[in-house]
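Step one of this worksheet: look at the structure below.
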Amino acid sequence: MAISDVQATAEVQRTLVLILDLGGTFAFALSGAMAGIRRHLDVFGVLVLSFAAASFGGILRDLLIGAVPPAALIDWRYLAIAVAAGLIAFFWSSLIEKLRNPVGVLDAMGLAFFAVAGTEKALTFGLSPVMAALLGMLTGIGGGVARDVLLAEVPAVLRSDLYAVAALAGAAIVVGAACCIFRRL
Amino acid sequence: MAISDVQATAEVQRTLVLILDLGGTFAFALSGAMAGIRRHLDVFGVLVLSFAAASFGGILRDLLIGAVPPAALIDWRYLAIAVAAGLIAFFWSSLIEKLRNPVGVLDAMGLAFFAVAGTEKALTFGLSPVMAALLGMLTGIGGGVARDVLLAEVPAVLRSDLYAVAALAGAAIVVGAACCIFRRL
Amino acid sequence: MAISDVQATAEVQRTLVLILDLGGTFAFALSGAMAGIRRHLDVFGVLVLSFAAASFGGILRDLLIGAVPPAALIDWRYLAIAVAAGLIAFFWSSLIEKLRNPVGVLDAMGLAFFAVAGTEKALTFGLSPVMAALLGMLTGIGGGVARDVLLAEVPAVLRSDLYAVAALAGAAIVVGAACCIFRRL
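Protein chains in written order, with this note's numbering: chain Y, 1 to 185; chain V, 1001 to 1185; chain C, 2001 to 2185.
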């Protein structure tokens, strides 16, 4: 593989991680905000909770792999998306409540985005495939755990069967795919 | 600006961050200790809680900007001040209870100190002004969040309007002032 | 002391930290799993809790001294031991319940292992003796705190007298012994 190909691949990977991260940030920010609205927090409490839920997983991942300062604190887009999602949830919560189980659905979406982004970024930083999948799982469940701990509740991930398994499955698929691609190159 | 001036400025900044940090440590240690005393913890529980409340914000900030090991773990003065504040609160809690809302007042003081120290240190480590203000806010609210999470309560920052706004306002003022000063030099 | 002696000493220290770490991981994983079983979590919730309790202290220590990625995420044995302990607790919990106070006994064991491992590792990374003892204490109590916070309970370390004192005593003994040994060499 030529050097320019390697650079192009790295560039594609970075863009992929960024898009997945921002998607997960939006989903978890909505999920955190909805949980805050249900507990009758005011608008500032909702914004704090939506930022915490949206960025905790990614910040934890970046701390653990040594990528400091974390992307969520250098890149203003993470903050902007979290605040925008918090405000959307606060002013149009009736719309989001029409989903059958809004916090659950949004968690699942955020989980999917973050599990893939976390695994991908951990692989880039040279972690072994098994550990990258584990870190992808941590990134995926981190936001929901932060939200529930701040609301003094037992995190959903401990209560419902499929949560951690889904995150791990997503992460394992990424690892499998990444290994196949790298072997072929 | 001559090199010796730059060095002198950096020295002043370090001293400023240290003084603000120690002031915030004292206020949050008292606040954590008072919350523990209200929950009838024994003296060791009170000391653990006062150290956790006092140093969580600063440790989080240092982890996020990559300044490891964190100042609170290298410099013995942080530990000494937290322990002293915990013991003062434990043995003279009746004095502190005479404040109308001791935990609230101490939180506000700690918040002010830490929001400024956190912003200042983040600027020194090269974060952009907006992100430095955000990190200043995190530093300011971190101690209170750690205290309330350890007591299995919903953090005050989620419940009361002005908390996060005050931290962000303080941080924004520091950023504004710092930008003015740097431009002038 | 010849260079090969220094290398041999460093090797012995690394092996010691590893063995103590794995012992503490096993004890805290059992302790976390038992707490989860008492709260009627399903098998996946129990595994998440046993991994969180087992690795939180060590991960926190590694983050604070700047040893990233943390040992618990690079070395597969930590994960394997945590999962094995979680499954053992889940399927043979009746055996472990025969201990008079299983969570307490396992916490004490994990605390002893981790306080020593944490202090030792902090000394290796050049922290001062007092701060190494403090970090050893943090490592020792971290797992139990993570377990209780995730179950939305006030951590045992805040409620019972001897917990933090035991961790600090263990850590102080290690520091004392290490100082004696180093002075003699």
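Note that CB positions come from ideal geometry on N, CA and C, so glycine has one too.
Exercise. Is the CB-CB distance between Y/Ala136 and Y/Ala146 below 9 Å?
Worked result: Checking the displayed sequence, the identity of residue 136 of chain Y turns out to be Gly instead of Ala. Going by C-beta atoms, Y/Gly136 is not nearer than 9 Å to Y/Ala146.
Exercise. Are the C-beta of V/Gly1036 and some C-beta of chain C separated by less than 9 Å?
Worked result: yes
Exercise. Which ranges would you report for the alpha helix (DSSP H) in the stretch 1030-1079 of chain V if only whole runs of at least 4 residues count?
Worked result: 1043-1065, 1071-1074
Exercise. Quick one, which residues of the stretch 124-140 of chain Y are near chain C if we go by CB-CB under 7 Å, in chain order?
Worked result: Leu127, Val130, Met131, Leu134, Leu135
For this session: Helix, strand or coil for C/Pro2155, going by three-state DSSP, please let me know.
Result: coil
Exercise. With DSSP run on the structure shown, which of helix, strand or coil describes Y/Phe99?
Worked result: Strictly speaking, residue 99 of chain Y in this sequence is Leu, with Phe absent from that position. Coil at Y/Leu99, not helix or strand.
Exercise. Roughly how many whole angstroms lie between the Cα atoms of V/Ala1108 and C/Phe2026?
Worked result: 42 Å
Exercise. Is the number of C-beta pairs between the stretch 2140-2159 of chain C and the stretch 2066-2082 of chain C that are closer than 8 Å three or more?
Worked result: no
Problem set entry | Exposure of C/Arg2184, with buried meaning 16 or more beta-carbon neighbours within 10 Å | Unreliable positioning characterises C/Arg2184 in this predicted model, as indicated by a pLDDT of 48, which lies under 50. A coordinate reading is not provided.
For this session: Would you be able to state if there are at least three C-beta pairs under 8 Å between the stretch 2116-2135 of chain C and the stretch 1029-1041 of chain V?
Result: no
For this session: Measure from the alpha carbon of V/Gly1110 to the alpha carbon of each residue in V/Gly1058, V/Leu1127, V/Leu1151, then state which is nearest.
Result: V/Gly1058
Problem set entry | Cβ contact (3+ pairs, closer than 8 Å) linking the stretch 2045-2062 of chain C and the stretch 2081-2100 of chain C | yes
For this session: Select from the stretch 2139-2156 of chain C all residues with a C-beta closer than 7 Å to any C-beta belonging to chain V, and list them in chain order.
Result: Val2149, Ala2152, Glu2153, Val2154, Pro2155
Exercise. Near Y/Ala133, what residues of its chain come up, given a Cβ to Cβ distance below 7 Å and the 5 sequence neighbours on each side ignored?
Worked result: Thr119, Leu168, Ala171, Ala172, Val175
Exercise. In or out: V/Arg1061 buried (at least 16 other Cβ within 10 Å) or exposed?
Worked result: buried
Exercise. Among residues of its own chain, excluding the 5 on either side of V/Val1103, which ones have a beta-carbon nearer than 7 Å to its beta-carbon?
Worked result: Ser1031, Met1034, Ala1035
Problem set entry | Proximal residues, the stretch 27-57 of chain Y versus chain V, C-beta separation under 8 Å | Gly36, Arg39, Leu41, Asp42, Phe44, Gly45, Leu47, Val48, Leu49
Exercise. What residues in its chain sit with their C-beta under 7 Å from that of C/Val2043, if we drop five residues either side in the sequence?
Worked result: Phe2090
Exercise. So with Cβ pairs under 9 Å, would you call V/Ile1059 a contact of chain C?
Worked result: yes
For this session: Taking C-beta pairs closer than 8 Å, name the residues in chain V that C/Gly2170 reaches, listed in chain order.
Result: Correct list: empty, because the minimum Cβ distance to chain V is about 15 Å.
Problem set entry | Where the stretch 1070-1086 of chain V meets chain C: residues whose CB sits under 8 Å from a CB there | Pro1070, Leu1073, Ile1074, Trp1076, Leu1079
For this session: Give the straight-line distance between the Cα atoms of V/Val1083 and Y/Val17, rounded to the nearest whole angstrom.
Result: 44 Å
For this session: Quick one: measure Cβ to Cβ for C/Pro2070 and C/Leu2064, integer angstroms, because I've assumed they're closer than 8 Å.
Result: Not confirmed; about 10 Å, so no contact.
Exercise. For Y/Ser196, which of helix, strand or coil comes out of DSSP?
Worked result: Here chain Y covers residues 1 to 185 and nothing more, so residue 196 of chain Y does not appear.
Exercise. Between the Cα of V/Ala1115 and the Cα atoms of V/Ala1166, V/Glu1011, V/Leu1106, V/Asn1101, which residue gives the shortest distance?
Worked result: V/Ala1166
Exercise. Taking the alpha helix (DSSP H) that C/Gly2126 falls in, what are its first and last residues?
Worked result: Note, C/Gly2126: premise wrong, no alpha helix (DSSP H); not H, not E.
Exercise. Can you list the residues of chain V that Y/Leu63 reaches, using a CB-CB cut of under 7 Å?
Worked result: Leu1063
For this session: Look at the alpha carbon of Y/Met131 and the alpha carbon of C/Leu2020, and state the distance between them as a whole number of angstroms.
Result: 21 Å
Exercise. Nearest chain V C-beta to C/Val2165 closer than 9 Å, yes or no?
Worked result: yes
For this session: Assuming Y/Phe56 contacts Y/Gly143 (C-beta within less than 8 Å), just tell me the rounded distance between them.
Result: 5 Å
Problem set entry | Distance between C/Val2149 and V/Val1149 (C-alpha atoms, nearest Å) | 7 Å
For this session: Evaluate V/Leu1095 with the Cβ neighbour count: other Cβ atoms within 10 Å of its Cβ, from every protein chain shown; 16 or more gives buried, anything less gives exposed.
Result: exposed
For this session: Could you list which residues in chain Y have their beta carbon closer than 8 Å to that of V/Leu1111, in chain order?
Result: Those within 8 Å of V/Leu1111 in chain Y number zero; the least Cβ separation is about 13 Å.
For this session: Assign V/Arg1184 to one of three DSSP states: helix, strand, or coil.
Result: Note on V/Arg1184: pLDDT 48, under 50, position unreliable in the model; no value is reported.
Exercise. If the cut is a Cβ gap below 7 Å, which residues of chain V does Y/Val68 touch?
Worked result: Leu1064, Ile1065, Gly1066
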